[in-house]
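Visitor:
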Amino acid sequence: MRYTPIDSNLFIKNRKNFMAQMRPNSVAVFNSNDVYPIGADSTIPFQQDRNIYYLSGVDQEESILVLFPDAPKEKHREILFLTETNEHIAVWEGEKLTKEKAYETSGVKTVYWLKDFHKIFHELMAQSETVYINTNEHYRANVETETREARFNKWLKESYPAHSVAKSNPILQRLRSVKDPIELEVMQQACNITEKGFRRVLDFVKPGVWEYEIEAEFMHEFLRNRSRGFSYTPIVASGQNANVLHYIENKMQCKEGELILLDVGAEYANYSSDMSRTIPVSGKFTKRQKEVYSKINAIKNEATKMLVPGTMWEEYHKEVGKMATAAFIELGILDKADVKNEDPDWPAYKKYFMHGTSHNIGLDTHDYGLLHEPMKANMVFTVEPGVYLPDEGFGIRLEDDVVIQEKGEPFNLMRNIPIEADEIEDLMNS
Numbered sequence: 060m061r062y063t064p065i066d067s068n069l070f071i072k073n074r075k076n077f078m079a080q081m082r083p084n085s086v087a088v089f090n091s092n093d094v095y096p097i098g099a100d101s102t103i104p105f106q107q108d109r110n111i112y113y114l115s116g117v118d119q120e121e122s123i124l125v126l127f128p129d130a131p132k133e134k135h136r137e138i139l140f141l142t143e144t145n146e147h148i149a150v151w152e153g154e155k156l157t158k159e160k161a162y163e164t165s166g167v168k169t170v171y172w173l174k175d176f177h178k179i180f181h182e183l184m185a186q187s188e189t190v191y192i193n194t195n196e197h198y199r200a201n202v203e204t205e206t207r208e209a210r211f212n213k214w215l216k217e218s219y220p221a222h223s224v225a226k227s228n229p230i231l232q233r234l235r236s237v238k239d240p241i242e243l244e245v246m247q248q249a250c251n252i253t254e255k256g257f258r259r260v261l262d263f264v265k266p267g268v269w270e271y272e273i274e275a276e277f278m279h280e281f282l283r284n285r286s287r288g289f290s291y292t293p294i295v296a297s298g299q300n301a302n303v304l305h306y307i308e309n310k311m312q313c314k315e316g317e318l319i320l321l322d323v324g325a326e327y328a329n330y331s332s333d334m335s336r337t338i339p340v341s342g343k344f345t346k347r348q349k350e351v352y353s354k355i356n357a358i359k360n361e362a363t364k365m366l367v368p369g370t371m372w373e374e375y376h377k378e379v380g381k382m383a384t385a386a387f388i389e390l391g392i393l394d395k396a397d398v399k400n401e402d403p404d405w406p407a408y409k410k411y412f413m414h415g416t417s418h419n420i421g422l423d424t425h426d427y428g429l430l431h432e433p434m435k436a437n438m439v440f441t442v443e444p445g446v447y448l449p450d451e452g453f454g455i456r457l458e459d460d461v462v463i464q465e466k467g468e469p470f471n472l473m474r475n476i477p478i479e480a481d482e483i484e485d486l487m488n489s
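Have a look at this one:
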């Protein structure tokens with residue numbers, strides 16, 4: 060991998076925390092993702108399943124992690140199974156993990172080749188009563204493709220029908236939502252790379268550039284800083300395109316007087332960053348654009364202060380909605396009659412700000428986290444209010460990634476990325 064190796068103590072701690080919550084005499088299994096085909100002999104570049112990565116640091120296909128804290132043999136309490144490397148693979152694909160390198164990466168002492176999996180796993184299942192399977196229960200998950208993990212789980216339940224089956228997901232939802240200091244360092248690096256890309260773009264944008272050229276400027280800066288690229292499909296939306304929430308074509312020319320909504324983030328070591336900024340194509344906001352921009356920035360600043368331990372996600376969003384309502388009345392977007400006659404299930408402000416304000420972020424851009432439970436210190440959330448005004452020809456969204464603290468306001472991982480309207484104008488005209 061091109062990123063600097065992560066301290067294996069992170070993965071050792073993560074496994075310890077997971078195993079502490081397993082039932083007695085139970086086994087947990089985690090698989091790598093598939094390498095997905097495109098057609099002929101082409102494949103989509105491999106990305107690791109986030110859970111096996113979180114627990115082992117192994118960033119390689121066809122890998123399996125097995126955890127069995129009560130195993131009779133001490134060496135079988137943590138096991139990695141990997142594809143055996145050879146000279147042919149080394150020549151054609153590059154070297155895979157050796158047993159020694161796998162231990163260095165993960166801290167797992169027992170490493171077997173994948174060809175021995177069924178024999179050893181059969182022994183472990185004979186010694187256990189419960190098996191934890193890895194399923195995707197994220198509230199936004201919509202998976203139509205059968206994953207490697209899903210195929211494994213089907214085989215497992217058919218082959219060992221007498222075992223109790225438990226879910227890894229609730230444990231991982233809670234563990235992954237609270238970040239370790241090592242994870243926060245990696246996420247800060249992702250945000251720092253995003254900052255470099257944004258500053259490059261501020262220097263590049265002028266009337267006549269194309270949205271895809273701006274995307275290319277970000278990608279150039281991300282790649283040269285050891286990122287694999289974007290942590291999600293980038294949005295570079297000029298003019299009316301900003302009023303399409305997930306506009307990803309990035310195909311239009313940017314015209315004088317327009318705003319460009321940028322929703323981009325670099326990944327680093329599989330961790331995401333998620334930034335939104337809105338900038339003027341001409342390097343100068345109009346009076347109306349700046350007026351609306353300043354209100355959205357003020358909502359973001361006030362919303363950020365609410366992200367403290369104990370806050371409930373749903374209640375937080377209701378409070379942000381009240382801020383947006385007040386701001387939109389001041390801007391003339393809403394009037395008091397709109398609010399008086401609003402549907403409580405779809406308040407009036409949602410006509411112009413229809414998405415949520417915050418989501419967990421980490422190994423996934425929309426990361427694990429149980430939204431019905433109170434927020435905790437070291438959770439990382441985005442803060443991203445916006446407003447979308449087709450009648451005025453622009454949309455604005457501003458977004459930072461922040462870490463909840465034990466006390467006081469969150470720590471902003473994007474504190475160094477320009478956001479104030481005057482600073483953006485100064486940088487674009489310097």
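Read in order, the letters of the sequence shown are residues 60 to 489 in this note's numbering. The beta carbon of each residue, even a glycine, is placed where N, CA and C say it ideally should be. Only a predicted model underlies this, so the values are computations on that prediction, with no experimental measurement involved.
#1: Rounded to the nearest angstrom, what separates Ser218 and Gln119 at their Cα positions?
#2: Within the chosen definition, does the segment 447 to 458 reach the segment 318 to 337 through at least 3 CB pairs nearer than 8 Å?
#3: Are there 16 or more other CB atoms within 10 angstroms of the CB of Asn400, so buried, or fewer, so exposed?
#4: According to DSSP, is Ala328 helix, strand or coil?
#5: Do the segment 402 to 411 and the segment 423 to 432 make contact, defined as three or more Cβ pairs closer than 8 Å?
#6: Would you call Arg283 buried or exposed, if buried means 16 or more other Cβ atoms sit within 10 Å of its Cβ?
#7: What does the alpha-carbon distance come out to for the pair Val170 and Met438?
#8: Would Ser223 be called buried (16 or more neighbouring beta carbons within 10 Å of its own) or exposed?
#9: Return the bridge partner residues of Asn90 from the DSSP annotation.
#10: Leu261 and Met487 look like a contact to me (Cβ under 8 Å); what is the Cβ gap, rounded to whole Å?
#11: Which runs of the beta strand (DSSP E) spanning at least 3 residues fall entirely within the segment 404 to 476, listed in chain order?
#12: Would you call the segment 182 to 200 and the segment 127 to 136 in contact, with 3 or more CB pairs under 8 Å?
#13: Just curious, the alpha helix (DSSP H) that Val398 is in, first and last residue?
#14: Taking all protein chains shown into account, decide if Met413 is buried (16 or more other Cβ within 10 angstroms of its Cβ) or exposed.
#15: I need the boundaries of the alpha helix (DSSP H) containing Glu484, first residue and last residue.
#16: Whose C-beta lies closer than 8 Å to the C-beta of Ala385 among residues of the same chain, with five residues either side of it excluded?
#17: Buried or exposed for Arg74, going by 16 or more other Cβ atoms inside 10 Å?
#18: Does the beta-carbon of Ile338 have 16 or more other beta-carbons within 10 angstroms, so that it is buried, or is it exposed?
#19: My output table needs one value for Gln248: the three-state DSSP class, helix, strand or coil.
#20: Within 10 angstroms of its Cβ, does Ser489 collect 16 or more other Cβ (buried), or is it exposed?
#21: Nearest-angstrom Cα distance between Leu490 and Asn302?
#22: If you measure between the beta carbons of Asn193 and Asn228, is that distance less than 9 Å?
#23: Would you call the segment 207 to 216 and the segment 155 to 171 touching, i.e. three or more CB-CB distances under 8 Å?
#24: Which value, in whole angstroms, describes the spacing of the CA atoms of Val461 and Lys410?
#25: Is Lys132 helix, strand or coil by DSSP?
#26: Secondary structure at Ile97, three-state DSSP: helix, strand or coil?
#27: Is Ile138 near the ligand HEM, in the sense that its beta carbon is under 8 Å from a heavy atom of that ligand?
#28: Of the residues Tyr113, Asn84, Arg109 and Asp93, which one's Cα is nearest the Cα of Asn76?
#29: For Met365, which residues of its own chain have a beta-carbon under 8 Å away from its beta-carbon, when the five flanking residues on both sides are left out?
#30: How many Å lie between Lys528 and Val190 at the Cα?
#31: At which residues does the alpha helix (DSSP H) containing Arg285 begin and terminate?
Guide: Working from what's here:
#1: 26 Å
#2: yes
#3: exposed
#4: coil
#5: no
#6: exposed
#7: 32 Å
#8: exposed
#9: Ile123
#10: 5 Å
#11: 439 to 442, 445 to 448, 453 to 456 and 459 to 462
#12: yes
#13: Lys395 to Lys399
#14: exposed
#15: Ala480 to Met487
#16: none
#17: buried
#18: buried
#19: helix
#20: exposed
#21: Because residue 490 is not part of the residues shown, which for the chain are 60 to 489, the question remains open.
#22: yes
#23: no
#24: 27 Å
#25: coil
#26: strand
#27: This structure lacks the ligand HEM; in fact it carries no ligand of any kind.
#28: Tyr113
#29: Tyr375, Glu378 and Val379
#30: Beyond the ends of the chain as shown, which are 60 and 489, falls residue 528; an answer cannot be given.
#31: Here Arg285 belongs to no alpha helix (DSSP H), and DSSP marks it neither H nor E.
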